[in-house]
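Residue numbers (my numbering): 1 to 581. These notes concern the structure reproduced below.
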Amino acid sequence: MVSNPVHGLPFLPGTSFKDSTKTAFHRSQTLGYRNGYAIVRRPTVGIGGDRLQFNQLSQAELDELASKAPVLTYGQPKQAPPADFIPAHVAFDKKVLKFDAYFQEDVPMSTEEQYRIRQVNIYYYLEDDSMSVIEPVVENSGIPQGKLIKRQRLAKNDRGDHYHWKDLNRGINITIYGKTFRVVDCDQFTQVFLESQGIELNPPEKMALDPYTELRKQPLRKYVTPSDFDQLKQFLTFDKQVLRFYAIWDDTDSMYGECRTYIIHYYLMDDTVEIREVHERNDGRDPFPLLMNRQRMPKVLVENAKNFPQCVLEISDQEVLEWYTAKDFIVGKSLTVLGRTFFIYDCDPFTRRYYKEKFGITDLPRIDVNKQEPPPVKQELPPYNGFGLVEDSAQNCFALIPKAPKKDVIKMLVNDNKVLRYLAALESPIPEDKDRRFVFSYFLATDMISIFEPPVRNSGIIGGKYLGRTKVVKPYSTVDNPIYYGPSDFFIGAVIEVFGHRFIILDTDEYVLKYMESNAAQYSPEALASVQKHVRKLEAPASESERFAFTSFHWLHISLLKGSCVDIPTVSFLFCNSIYI
C-alpha cells in the first residue's frame, strides 16, 4: 500500500514509499448501538489508522453537503421532477365540516309565543368552499323545514368576499342572507381539522331551546267532569271505539235463498249501528258497501208507532221505548234488524276485551257456521257395451271430446318389435276343428294378442287372420276391473280362452324360450316345468318315422312363427298324412 507520496513527484511507481508500520487499511465503523438503539458515530481515524485532523463539521456545512448534488462530467444534472399536484376537489373530496347552530324567528301573529328558536346544521364543503344550511325535519311542526339554503358559496360582506373555513368557529355569529345564525358546537371531525390547521376553537355552548316546544312537553291540565253521565262525556270517552261483530243471514229456506255474511259495527260514542256487506270475488253481486247506513236502531216501539212511516220520517225518542245497546249484541245469539234475522258468530279482540271489562263476559268463543258439504256423488261408469277396449269406452265419460288413453311410452320403446309366438290348437267337440292349428302372437310393447290360422289346402276352412291385434280379457274378470292376459299366462300346455273359444298352447319359438330364461321371475314353476319337459322331449331319441314327422312339423311351425312363406302343397301333404305333434 502506497502512502504519503513526496510532494512534487508524480504519483508513479518508484516515486512513492510504503509505510511498513501500517497494517490496517479498513474504514472506521460509523454505526453502533447504545441502550438498544442504533446510533451514528463520526470516524476519528482514516484509512490506515491516520488521525483525522478535522472531522467536526458545522450544521450549515452538513446541510450543504446533504443538499449538494454532484456535478457530472458532462454538465449539470437534470432536476428531479416536481411532486404530483393534487387538486383541492380531489384532496378534500367528501370532507365536510359540520356546525350546530340556531337562529331566532319572530312570531308576531301568535298570543302563545313571541319568537321561535329554530335549530339548524351548517355544512361547509372543503372541496369547493361551498356551504349549505339544513334544518332537521320535526314531525307535525307545521313549518316548511329541510334545506333552508342550498349548497353554494355564501357572501361574507358587500365587497364580494366569501366565507372560508377560517372564518368559522364555535361561539360566533354569522349572517347569511339577513339571518343571523349562532354557531354553538361542531362535530369531532371538524374540531380535529380546525385544530390541525392551527385554529384555536372556542368552548362549545349549549343549544338554545324553543320556549313554545318546551311548553308543549309539559303535562296537560286534567279537568274533572261531573260524575253524572252525559252525552258529551260519552262522545269524548268512546270516540273512535267501535265494536265489530261477524254475522250471517241464512235465507236458504226461501226460493233461491242463500247464506250471506255481514259485518255489524256498533259505535260506542253515539250507540249507532252500521251493517256492511262482505263481498267475495266473482260473487255476481253489485259491490254495494253498506246494507244499512249508520243509525240508531229501535228495539221496542210504542203501540201507536207501529204504523209510523219510517221510510219517510226519522224515528225519534217519542216513538221508541227502547233502543239497541251494546249488551244486545252477544256472540251466539240472533238479532232482528229491518226484518232480517242475523246470527252473530264471532267478534274482534277489542270487542271481547270490552265485554270482559264492561259486562264481565269472558266466554265469547267463535261459532263455526260453515255448513258441511254433502259427500260427493260417486261417479260410476256405465256398463261395458263390448265395443273396443274398456279404456277407450271410458274416455267418453271423462270428457266431451274423448282422447286416447295414455300409453306407457317407456315400455313401448323398450319392447319395440318384441313379439312372442306360440303354436296352439283349438279345443272343440267338432271333429273338423281338431286338426286346425293357430299361431298366437303376443306383442310385449302393447300387451296385445293376434291370432293367425295357416291355410290348409282341401281342408274346407279358409285360413288367414283369425283375430286382429287386441287385448284379451281373462275369464271370470269383472267389467269394471278387467284383467288381461300377460306373458306369464302363455306356456306349453296352458289353456287360453279368447272370446268363448279355448286354445291349448302346443309349442313356442326359440325367442320365447330365451325370453322365459331371461325373465324367469315372471313365470310360475308350472310354466317353467312345461318348457323343460318340452326341451327334454326334443332332445330324446325317437324312431325314424317319428323323427321325420317331428322334424317336418317343427320346420313347418317354425316357418309359420317366423312369418316365412310356406308352399301350400307341402303344408297340405304334411297335414293330409296326419303328421302332428
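Where is the CB? At the ideal position from N, CA and C, for every residue including glycine. A quick note: this is a predicted structure, and the numbers were derived from the prediction, not measured.
Asked	Found
Give the straight-line distance between the Cα atoms of T180 and Y123, rounded to the nearest whole angstrom.	16 Å
With burial defined as no fewer than 16 other Cβ atoms inside 10 Å of the residue's Cβ, what is the status of L12: buried or exposed?	exposed
What residue range is occupied by the uninterrupted alpha helix (DSSP H) comprising N396?	390-398
Would you kindly work out how many angstroms separate the C-alpha atoms of N385 and E427, rounded to a whole number?	27 Å
Would you call the region 204-211 and the region 231-240 touching, i.e. three or more CB-CB distances under 8 Å?	no
Run the CB neighbour count on D63, radius 10 Å, all protein chains shown included, and call it buried at 16 or more, exposed below.	exposed
Within 10 angstroms of the Cβ of R469, are there 16 or more other Cβ atoms? Answer buried if so, exposed if not.	exposed
Distance check for P211 and E314, CA to CA, integer angstroms please.	52 Å
By how many angstroms is the C-alpha of F398 removed from the C-alpha of C565?	The predicted position of C565 is uncertain, since its pLDDT is 44 and thus under 50; a value taken from the coordinates is nonetheless stated next. Roughly 46 Å between the two C-alpha positions.
On the DSSP bridge assignment, give the partners of D250 in chain order.	C259
Could you tell me which residues DSSP pairs with S441 in its beta bridges?	R421, S450
Can you grab the Cα-Cα spacing for the pair I199 / T30, in whole Å?	44 Å
Which residues in the same chain have their Cβ closer than 7 Å to the Cβ of L209, if we skip the five residues on either side of it in sequence?	I117
Suppose you measure from the CA of G171 to the CA of D348; what does that come to, to the nearest Å?	59 Å
Who are P298's beta bridge partners in DSSP?	W323
Could you tell me which of T261, G284, H89 sits nearest to E277, measuring between CA atoms?	T261
Considering only their Cβ atoms, is the gap separating Y324 from M297 smaller than 8 Å?	yes
Using CA atoms only, rank isn't needed, just tell me which of S524, F490, S130, N121 is closest to G136.	Strictly speaking, residue 136 in this sequence is Pro, with Gly absent from that position. Of the candidates S524, F490, S130, N121, the one whose C-alpha sits nearest the C-alpha of P136 is N121.
Could you name the residues that DSSP lists as bridge partners for T508?	Y422
Which residue comes first and which comes last in the alpha helix (DSSP H) that contains L194?	188-196
In terms of alpha-carbon separation, which member of S459, I492, I496, K465 lies closest to V473?	I496
Buried or exposed for Y485, going by 16 or more other Cβ atoms inside 10 Å?	buried
Helix, strand or coil for H164? Go by DSSP, reduced to three states.	coil
Does DSSP put Y485 in a helix, a strand or coil?	coil
From what residue to what residue does the beta strand (DSSP E) around L97 run?	96-106
How is Q119 classed by DSSP in three states: helix, strand or coil?	strand
Which residue marks the beginning of the alpha helix (DSSP H) containing K358, and which one marks its end?	349-358
Does any C-beta atom of chain D lie closer than 8 Å to the C-beta of E105?	In the structure shown, chain D cannot be found, because there is only a single protein chain.
Suppose you measure from the CA of D19 to the CA of R42; what does that come to, to the nearest Å?	26 Å
Take every Cβ of the region 83-90, pair it with every Cβ of the region 35-49, and state whether three or more of those distances are shorter than 8 Å.	no
Return the CA-CA distance between D328 and H265, expressed in angstroms with no decimal places.	13 Å
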